[in-house]
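If you count the sequence shown from 1, position 140 lands on 140 in full-length UniProt numbering, and the numbers rise without skipping.
The C-beta atom is built at its ideal place from N, Cα and C for all residues, glycine as well.
This report concerns only the one structure given below.
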Amino acid sequence: MSSKGFTFNQPALPGLNSIDKMPFDDFFNMEDSNNQLPSFPPKSIREIVRLVDMGKSDEISILEWLDVIENKNQWQQLDKDEANDACRAIWLAICTNFSLGDIAFFKVALALDNRNTSMVSELIDSMEIVRHVPKLDQFSKEKIEWLVLVADKDYRSIAQRCYTHNITPMAVVRKLRLPKANTYQQKLSEKLIKIVSPQLTTRSEQWLEKCFKELVTTKERIIFCEAAIHHFSDYDYGTAIQSLLEEHCLPMSEDSYWYDLTESSKKTLRTNFDISSYYELKMISRKLTSDDGIKELKFEEHEARQIHSRTMFWSNYSSRFNRIRGLLPYKTYDYLQASELHLSEQIESFNSNCEVYIFELNKIIAVEFLRGELSETRFFKNNEWNAKRLFESKELSIDEIREMSQLEVHDHVTSWQYFCEKQLRTKFKLLPNDNIPYFKGLPPAVNTYSPTVGLPKPAQSYLNERAEKLERWMELFWKNEFRTSKYGHQNGLQQKSNVYLGKAQIMQEIGNDEKFEFYISKAANQGNAEAMWQLGKMKVLSNDRSGKMQEYGEGWVLKAAELGHSKAIEASKKITKRDSKLVRYRESSLNRLKSSIGLVPEMAGADLSSYTRSVLISLIKQYLSLSVNMINFSNAAVLLCVLEERNEVISNDFLAQIDVWAQKLKMK
1 MSSKGFTFNQ
11 PALPGLNSID
21 KMPFDDFFNM
31 EDSNNQLPSF
41 PPKSIREIVR
51 LVDMGKSDEI
61 SILEWLDVIE
71 NKNQWQQLDK
81 DEANDACRAI
91 WLAICTNFSL
101 GDIAFFKVAL
111 ALDNRNTSMV
121 SELIDSMEIV
131 RHVPKLDQFS
141 KEKIEWLVLV
151 ADKDYRSIAQ
161 RCYTHNITPM
171 AVVRKLRLPK
181 ANTYQQKLSE
191 KLIKIVSPQL
201 TTRSEQWLEK
211 CFKELVTTKE
221 RIIFCEAAIH
231 HFSDYDYGTA
241 IQSLLEEHCL
251 PMSEDSYWYD
261 LTESSKKTLR
271 TNFDISSYYE
281 LKMISRKLTS
291 DDGIKELKFE
301 EHEARQIHSR
311 TMFWSNYSSR
321 FNRIRGLLPY
331 KTYDYLQASE
341 LHLSEQIESF
351 NSNCEVYIFE
361 LNKIIAVEFL
371 RGELSETRFF
381 KNNEWNAKRL
391 FESKELSIDE
401 IREMSQLEVH
411 DHVTSWQYFC
421 EKQLRTKFKL
431 LPNDNIPYFK
441 GLPPAVNTYS
451 PTVGLPKPAQ
461 SYLNERAEKL
471 ERWMELFWKN
481 EFRTSKYGHQ
491 NGLQQKSNVY
501 LGKAQIMQEI
511 GNDEKFEFYI
521 SKAANQGNAE
531 AMWQLGKMKV
541 LSNDRSGKMQ
551 EYGEGWVLKA
561 AELGHSKAIE
571 ASKKITKRDS
581 KLVRYRESSL
591 NRLKSSIGLV
601 PEMAGADLSS
611 YTRSVLISLI
621 KQYLSLSVNM
631 INFSNAAVLL
641 CVLEERNEVI
651 SNDFLAQIDV
661 WAQKLKMK
């Protein structure tokens with residue numbers, strides 16, 4: 001075809017319906033130059049039968065043979081006995097004439113496969129009579145035996161015949177020069193497995209692998225795999241069949257048949273390949289974000305994209321999934337059922353317009369809200385009360401879930417995957433699947449993964465974009481949270497402190513220390529215990545050596561402890577314990593010296609108010625470098641108490657050494 005000077009080749013079409021060498025090619029390319037030309041008018045059936053019986057088949061041209069096996073009008077003129085005699089003679093010729101045999105057997109095969117063919121039914125129905133023709137050549141025998149089994153729909157015998165001769169069905173079809181495209185191949189898929197012993201041998205394993213590779217359609221392969229999953233004893237699949245199932249049937253495989261398998265097969269694979277429940281949620285998400293799902297459910301583009309990104313993120317944790325539950329809007333649930341998706345009892349419908357996934361991950365329970373203004377992820381402690389409510393309550397609603405006290409809440413704005421992975425790894429000690437070098441669902445520039453450092457940190461431009469979006473999200477989140485009863489006891493100032501704390505955490509994420517301190521201080525001043533704890537910890541650990549920052553920080557820690565902050569309570573115990581220990585050492589040593597020898601150490605009676613920090617430290621070092629006795633111990637304890645009362649930073653080395661002395665002097 002040409003147009004405006006350009007020439008286009010006709011596109012090549014796939015040749016599924018071809019055979020390796022068409023019988024007609026043999027006719028048109030026969031080397032025998034004495035090939036019989038057709039007579040005019042063509043010979044009738046009666047004449048052809050007479051010539052065959054006289055041994056003069058070579059006087060009949062190929063075109064006359066074609067006419068006699070296709071011309072229904074001639075056959076209608078024969079009585080029953082004549083038709084039977086004609087079938088006998090023509091089948092004898094078919095089995096002795098190579099070119100005619102190829103054409104006839106090809107047409108018979110098409111007819112037996114319910115395909116359109118011009119061959120008269122009398123010949124097709126009488127094919128079996130030729131099995132008893134003496135001196136029939138082996139090739140014709142094999143063709144006839146195969147086609148008779150196809151006609152009888154004896155697929156088990158066909159499979160057994162292939163197994164006995166260690167040849168695949170498709171190889172037989174090629175060898176016998178029969179149509180490659182046939183529907184009975186699907187019927188064979190299951191039988192190929194069934195005729196093999198449940199105790200798999202190397203020979204049968206290799207034969208089955210070859211058979212599978214030659215299956216053409218997905219349907220044939222699925223039928224084969226379904227049979228293989230259940231057939232073998234103790235689910236011992238050997239090496240080849242196990243690899244085949246892993247490659248084609250497990251949900252984590254590319255282009256997997258998993259979503260087309262029966263529930264029984266999925267259950268068997270879950271057990272034998274240790275597959276988690278994650279894949280049912282993946283199957284649902286995959287359907288929801290298909291072109292048909294988006295159109296039917298009227299999803300916005302960003303909604304479909306978000307569902308997909310969540311599914312990809314959690315695919316990296318698929319082996320960590322235990323129990324799951326899916327709560328779907330009625331419309332979503334009905335759509336999935338109408339699309340013939342097999343939903344387990346773990347997937348339920350409820351009155352909402354947002355899909356909710358609930359899944360157990362070791363010590364936490366995650367709840368994903370897939371759509372809506374917030375579309376957040378909430379993490380709950382995996383205790384009995386939370387688990388019963390989230391996995392078993394029939395009355396569970398979105399509002400009830402948001403009423404529950406969570407451990408953490410996570411957003412899904414720019415670069416959320418980096419921060420969510422970090423939170424799971426550092427706070428909840430939850431790592432992704434073992435030995436994954438890359439994180440699915442992320443571009444190559446940021447998808448490399450290490451269990452020690454996590455994902456690559458996003459570029460500053462992304463962090464700035466995230467901070468901007470996250471501040472808006474944070475305002476919306478707390479607006480919704482304050483509608484719940486969880487914060488009903490808080491006044492307006494305390495509620496506002498939660499917002500400031502959230503903004504402080506945003507600034508900490510992007511490395512803006514100045515704004516972090518600004519927001520964390522505002523939250524602490526408005527009575528937020530977590531902010532008090534973080535501010536106090538930051539000041540205690542600062543590099544300020546004057547001791548003033550430590551004193552300031554410890555003050556916030558003690559305030560957080562008074563409000564019941566668990567970590568602050570533990571830290572405050574150490575602060576109180578350290579203070580009381582030094583005073584106790586000083587008082588008990590002075591009392592012991594006074595009662596035993598009536599002596600007061602020089603430091604106990606001295607006016608130390610004018611002593612600077614450096615002088616006090618020098619004296620402490622001096623006393624602690626002397627021999628271990630009660631006088632030196634008492635002098636050091638007095639000086640340490642002075643530092644403590646001034647809120648000066650005390651060296652841990654001093655504290656450790658005086659503890660050792662106290663032990664030796666039995667002061668403890």
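Task: Same chain, Cβ closer than 7 Å to VAL642, five either side skipped, listed in chain order - done: LEU608, LEU616
Open item on the list: Below 8 Å on the Cβ atoms is my contact criterion, and I expect PRO456 with TYR317 to pass it. Report the Cβ-Cβ distance as a whole number of Å.
Closed with: With a Cβ gap of about 19 Å, PRO456 and TYR317 do not count as contacting.
Open item on the list: With H, G and I counted as helix, E and B as strand and the rest as coil, what does DSSP make of VAL409?
Closed with: Looking at VAL409 - three-state DSSP - the assignment turns out to be strand.
Open item on the list: Tell me the DSSP secondary structure of ALA366 in three-state form.
Closed with: Residue state for ALA366 is assigned as strand, using DSSP reduced to three classes.
TODO: Thinking VAL49 and ASP85 are a contact (beta carbons under 8 Å), I'd like their distance in whole angstroms, please.
DONE: 6 Å
Open item on the list: So, for GLN495: in the same chain, excluding its five sequence neighbours on each side, which residues have a beta-carbon less than 8 Å away from its beta-carbon?
Closed with: TRP478, PHE482, TYR487
Task: MET119 versus ASN97, ILE69, ARG320, residue with shortest Cα-Cα distance - done: Nearest option by C-alpha distance: ILE69.
Task: Proximal residues to PHE313 (C-beta, below 6 Å), its chain only, five neighbours per side dropped - done: GLN417, GLY441
Task: Closest by C-alpha distance to ALA523, when choosing among ILE347, VAL499, SER253 - done: VAL499
Task: ASP102 versus SER126 - alpha carbon distance - done: 17 Å
Open item on the list: I believe SER589 touches ALA637 by the beta-carbon criterion, under 8 Å. Please report the beta-carbon distance rounded to the nearest angstrom.
Closed with: Rounded to the nearest angstrom, the Cβ distance from SER589 to ALA637 is 6 Å, consistent with a contact under 8 Å.
- [ ] Grab me the residues of SER485's own chain with a C-beta within less than 8 Å of its C-beta, minus the 5 sequence neighbours each way, in chain order.
- [x] GLU403.
Task: Rounded separation between PRO23 and GLU214 - CA only - done: For PRO23, the pLDDT reaches just 42, beneath the cut-off of 50, and the residue's location in the model is therefore unreliable, although a value from the coordinates is still provided. Answer to the nearest angstrom: the Cα atoms are 23 Å apart.
TODO: Could you pull the start and end residues of the alpha helix (DSSP H) that LYS266 belongs to?
DONE: 263 to 273
Open item on the list: For the segment 233 to 248 against the segment 196 to 216, do three or more pairs of beta-carbon atoms, one drawn from each stretch, fall closer than 8 Å, so that the two count as touching?
Closed with: yes
Open item on the list: What would DSSP say about ASN361, mapped onto helix, strand or coil?
Closed with: According to the sequence as given, residue 361 is Leu; it is not Asn. In this structure, LEU361 counts as strand in the three-state DSSP scheme.
Open item on the list: What residue range does the alpha helix (DSSP H) around ARG310 cover?
Closed with: 301 to 315
TODO: Using only alpha-carbon positions, find the residue among SER319, TRP473, LYS429 that is nearest to GLY454.
DONE: LYS429
- [ ] Within 10 angstroms of the Cβ of LEU655, are there 16 or more other Cβ atoms? Answer buried if so, exposed if not.
- [x] exposed
Task: Distance between GLU645 and MET603 (C-alpha atoms, nearest Å) - done: 15 Å
Task: Runs of alpha helix (DSSP H) wholly within the segment 490 to 576 (minimum 4 residues, chain order) - done: Counting only runs of 4 or more, we get 492 to 509, 513 to 525, 529 to 540, 548 to 562.
Task: Member of THR183, ILE510, VAL557, TYR438 whose CA lies at the smallest distance from the CA of TYR525 - done: Reading the sequence as shown, one finds Asn at residue 525 and not Tyr. Comparing Cα-Cα distances from ASN525 to each of THR183, ILE510, VAL557, TYR438, the minimum goes to VAL557.
Task: Short Cβ contact (8 Å threshold) for LEU178 with PHE105 - done: yes
Task: Beta carbon of THR377 nearer than 8 Å to that of GLU384 - done: no
Task: Cβ separation of ILE275 and LEU288, assumed to be a contact under 8 Å, to the nearest whole Å - done: Wrong, their Cβ atoms sit about 21 Å apart, outside the cutoff.
- [ ] Within the same chain, show all residues whose beta-carbon is closer than 6 Å to that of GLY5, passing over the 5 residues directly before and after it, in chain order.
- [x] Only weak support exists for where GLY5 lies, its pLDDT of 44 falling under 50; the value from the coordinates is given anyway. Same-chain partners within the cutoff: there are none.
Open item on the list: If you reduce the DSSP assignment to three classes, tell me which class LEU215 lands in.
Closed with: coil
TODO: Could you check what DSSP says for THR289 in three-state terms: helix, strand or coil?
DONE: coil
TODO: Identify whether SER349 lies in helix, strand or coil by the three-state DSSP scheme.
DONE: strand
Open item on the list: Considering just the uninterrupted stretch of the alpha helix (DSSP H) at PRO169, what are its terminal residues?
Closed with: 169 to 176
- [ ] Could you confirm whether any beta carbon from chain C is found closer than 8 Å to the beta carbon of ASN447?
- [x] Of the chains in the structure shown, none is chain C; there is only one protein chain.
- [ ] Report all residues from its chain with a CB closer than 7 Å to the CB of MET667; omit the five preceding and five following residues, and keep chain order.
- [x] Excluding sequence neighbours, MET667 sits near TYR585, SER588, SER589.
Task: N-terminal and C-terminal residue of the alpha helix (DSSP H) that LEU136 is part of - done: First-last for LEU136: undefined, no H or E at that position.
- [ ] Can you have a look at ARG310 and say buried or exposed, based on whether 16 or more other CB atoms are within 10 angstroms of its CB?
- [x] buried
Task: Classification of PRO601 by the beta-carbon crowding that lies within 10 angstroms, buried from 16 upward - done: buried
- [ ] Confirm, please, whether the CB-CB distance from ASP53 to ALA89 is below 8 Å.
- [x] yes
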